[in-house]
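Residues in the sequence shown are numbered consecutively from 1, following full-length UniProt numbering. Glycine included, C-beta positions come from ideal geometry on N, C-alpha and C.
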Amino acid sequence: MKILVTGGAGYIGSHAVRRLLAAGHDVWVIDNLYLGHRAAAPASGLPADRFVEGDLADRPLVEKLLKDNGIESVMHFAAYAFVNESVTDPAKYYQNNVGGTLALLDAMRAVGVKQIVFSSTCATYGNPVKVPMPEDHPQAPINPYGFTKLVIEHALHDYHHAYGLSYAALRYFNASGAAEDGSIGEDHQPETHLIPIILQVALGQREHVTIFGTDYPTPDGSCIRDYIHVDDLADAHLAAIEKLAASKSEPLEVRCNLGTGVGSSVREVIAACEKATGKSIQAVEGPRREGDPPELVADPAGAERLLGWRAKRRDINATVASAWKWHSANPNGYSDK
Ligand code: UFG
Numbered sequence: 001m002k003i004l005v006t007g008g009a010g011y012i013g014s015h016a017v018r019r020l021l022a023a024g025h026d027v028w029v030i031d032n033l034y035l036g037h038r039a040a041a042p043a044s045g046l047p048a049d050r051f052v053e054g055d056l057a058d059r060p061l062v063e064k065l066l067k068d069n070g071i072e073s074v075m076h077f078a079a080y081a082f083v084n085e086s087v088t089d090p091a092k093y094y095q096n097n098v099g100g101t102l103a104l105l106d107a108m109r110a111v112g113v114k115q116i117v118f119s120s121t122c123a124t125y126g127n128p129v130k131v132p133m134p135e136d137h138p139q140a141p142i143n144p145y146g147f148t149k150l151v152i153e154h155a156l157h158d159y160h161h162a163y164g165l166s167y168a169a170l171r172y173f174n175a176s177g178a179a180e181d182g183s184i185g186e187d188h189q190p191e192t193h194l195i196p197i198i199l200q201v202a203l204g205q206r207e208h209v210t211i212f213g214t215d216y217p218t219p220d221g222s223c224i225r226d227y228i229h230v231d232d233l234a235d236a237h238l239a240a241i242e243k244l245a246a247s248k249s250e251p252l253e254v255r256c257n258l259g260t261g262v263g264s265s266v267r268e269v270i271a272a273c274e275k276a277t278g279k280s281i282q283a284v285e286g287p288r289r290e291g292d293p294p295e296l297v298a299d300p301a302g303a304e305r306l307l308g309w310r311a312k313r314r315d316i317n318a319t320v321a322s323a324w325k326w327h328s329a330n331p332n333g334y335s336d337k
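Quick look at the structure:
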């Protein structure tokens, strides 16, 4: 299949590109490199002539890319995903995550591309009313980032009914880990995610990690999250795009969680990082971070039912070890920011 991957030079996008190429698909990437990394595209195995530096808001460029290459399906990763920043600068999030996606959907309609896999998030659920969270959990985001993703889920649903768009909205829990061979990994600027922050302590780049809240109603008092390996996410995207393609005559609508179904606390993640790195990690107990629910764990049954996909890597130690392989070999990430 000929697939356009938006944001394919980013963390999750580059792992998906690698997986799609391994499965024999023809892949093109568009990325504006605002957060993505130029070196991630070749590192994922993408041929140089398949990379386009550009923005989704550039409608003529996107339309030409889709048309000239006979693109059949789109995987849409390009978005901003810093929860705190979305609170302080919501316009940036609505413009890019909503505006950029609507421009992409318009270009697809103009050219007749009718399949899309969309990166959604468990942040569309907001505060959990039950854990593990199934797909029919109420969707009530508590920050603009979550709202922007929910707006697009609604748009996809409406476009499906009105225009016959076939889509899969995949709601990720906490993406983590890195390709097992160490070729690509996680590099965010600024880094806000727990595992890379802890590994930066192991590398001597930070003095300590702060545990955001130790008085939560959880067994050890720290927050619990569902850390899903990025290669499992990539497998799920492959399963989703192949499922949409297999049902060409009847447009599909798929919405599912991508998580392991297993929760790990902040303290457990720190312990896993100590094990993986062989170093003692200094952890400082701090106050709660605003907007953090105590526990977010996926009910992954929907993805198994709808996509035949189940996370293979459910051991936090193995996930952290794969992240350490990347971070220890690339202490400054892609060194391009
Ligand atoms: N944490 C710390 N110290 C840190 C960083 C994080 O204790 O220095 C804790 C957080 O409080 C949280 C857990 O580690 O309990 C994981 O935090 P991350 O920032 O790594 O991830 P989040 O769960 O906040 O965010 C992730 C995705 C978002 C998505 C969100 C949904 O990164 O894109 O899940 O809630 F929106």
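Problem - Residue from 153, 254 and 234 with nearest C-alpha to residue 179 - result: Closest by C-alpha distance to residue 179, out of 153, 254 and 234, is 234.
Problem - CB contact flag (residue 237, residue 177, <7 Å) - result: Here residue 237 is not near residue 177, since their CB atoms are 7 Å or more apart.
Exercise for the section: Using the Cα positions of residue 147 and residue 66, report the straight-line distance between them to the nearest angstrom. Expected result: Cα-Cα distance, rounded: 28 Å.
Problem - Quiz: which residues have CB nearer than 6 Å to the ligand UFG non-hydrogen atoms - result: After applying the 6 Å Cβ criterion, the set is 81, 83, 121, 122, 123, 145, 174, 192, 193, 194, 197, 209, 210, 211, 212, 223, 225, 266, 289, 292 and 296.
Practice task
Sort out for me which residues DSSP pairs residue 171 with in a bridge.
Solution key: 120 and 257.
Practice task
Return the first residue and the last residue of the alpha helix (DSSP H) that residue 160 is part of.
Solution key: Here the alpha helix (DSSP H) through residue 160 covers 144 to 163.
Exercise for the section: Measure how close the beta-carbons of residue 170 and residue 120 come, nearest whole angstrom, since I'm counting them as under 8 Å. Expected result: Indeed, because the Cβ distance is near 6 Å, the residues count as touching under 8 Å.
Problem - Proximity below 7 Å, CB of residue 211 to CB of residue 283 - result: Going by C-beta atoms, residue 211 is nearer than 7 Å to residue 283.
Handout entry: Min CB distance residue 145 to chain E below 7 Å
Key = Judged by its chain identifiers, the structure shown contains no chain E, having just a single protein chain.
Problem - Residue closest to residue 199, alpha-carbon to alpha-carbon, out of 293, 30, 292 and 276 - result: Out of 293, 30, 292 and 276, 276 has the C-alpha closest to the C-alpha of residue 199.
Problem - Span of the beta strand (DSSP E), counted from its first residue to its last, around residue 286 - result: Residue 286 -> beta strand (DSSP E) spans 283 to 286.
Handout entry: residue 302, DSSP secondary structure in three states
Key = Correct three-state label for residue 302: helix.
Problem - DSSP state of residue 243 mapped onto helix, strand, coil - result: Of the three classes helix, strand and coil, the one that applies to residue 243 here is helix, per DSSP.
Exercise for the section: With a threshold of 16 other CB atoms inside 10 Å of the CB of residue 189, please say whether the residue is buried or exposed. Expected result: Exposed, since its Cβ has fewer than 16 Cβ neighbours within 10 Å.
Handout entry: Span of the beta strand (DSSP E) around residue 53
Key = Counting along the chain, the beta strand (DSSP E) containing residue 53 begins and ends at 51 to 53.
Handout entry: Span separating the alpha-carbon of residue 77 from that of residue 20
Key = Taking the straight line joining both Cα atoms gives about 14 Å.
Exercise for the section: Provide the residue span of the beta strand (DSSP E) that contains residue 68, from first to last. Expected result: That residue, residue 68, is in no beta strand (DSSP E); its alpha helix (DSSP H) goes 59 to 68.
Handout entry: Proximity below 7 Å, CB of residue 54 to CB of residue 30
Key = Yes.
Handout entry: Length of the line joining the Cα atoms of residue 303 and residue 28
Key = Taking the straight line from one Cα to the other gives about 26 Å.
Practice task
Use the C-beta contact count for residue 308: other C-beta atoms within 10 angstroms, 16 or more gives buried, fewer gives exposed.
Solution key: Answer is exposed; the Cβ neighbour count stays below 16.
Exercise for the section: List the endpoints of the continuous beta strand (DSSP E) containing residue 4. Expected result: Looking at the DSSP string, the run of the beta strand (DSSP E) that includes residue 4 is 2 to 6.
Exercise for the section: Mark residue 149 as exposed unless 16 or more other C-beta atoms lie within 10 angstroms of its C-beta, in which case mark it buried. Expected result: By the neighbour-count definition (other C-beta atoms within 10 Å, threshold 16), residue 149 is a buried residue.
Problem - Cutoff 7 Å; reference residue 87; Cβ partners in own chain excluding five residues on either side - result: Taking residue 87 as the centre and dropping the five residues before and after it, the same chain places the C-beta of 143 and 144 closer than 7 Å to its C-beta, in chain order.
Practice task
Using a threshold of 7 Å, state whether the C-beta atoms of residue 127 and residue 287 are closer than that.
Solution key: Taking a C-beta distance under 7 Å as the contact criterion, residue 127 and residue 287 do not qualify as a contact pair.
Handout entry: DSSP bridge partner residues for residue 26 (one or two, in chain order)
Key = In DSSP, residue 26 forms a bridge with 2.
Handout entry: DSSP beta-bridge partners of residue 166
Key = Note: residue 166 sits in a beta bridge opposite 115.
Exercise for the section: Please work out which residues of its chain come closer than 6 Å, Cβ to Cβ, to residue 215, disregarding the five sequence neighbours upstream and downstream, and give them in chain order. Expected result: These residues qualify, in order along the chain: 221.
Problem - Close beta carbons around residue 16, own chain, < 8 Å, minus the five adjacent residues each side - result: Leaving aside the five residues that flank residue 16 on each side, the residues in its chain whose CB is nearer than 8 Å to its CB run, in chain order, 5, 8, 75, 77, 233, 234, 237 and 238.
Exercise for the section: Tell me where the alpha helix (DSSP H) around residue 34 begins and ends. Expected result: Here residue 34 belongs to no alpha helix (DSSP H), and DSSP marks it neither H nor E.
Practice task
Specify, as a first and last residue, the run of the alpha helix (DSSP H) that residue 277 falls within.
Solution key: For residue 277, the enclosing alpha helix (DSSP H) covers residues 266 to 277.
Handout entry: DSSP-derived helix/strand/coil call for residue 338
Key = Given that the chain is displayed from residue 1 to residue 337, the structure contains no residue 338 and the question cannot be resolved.
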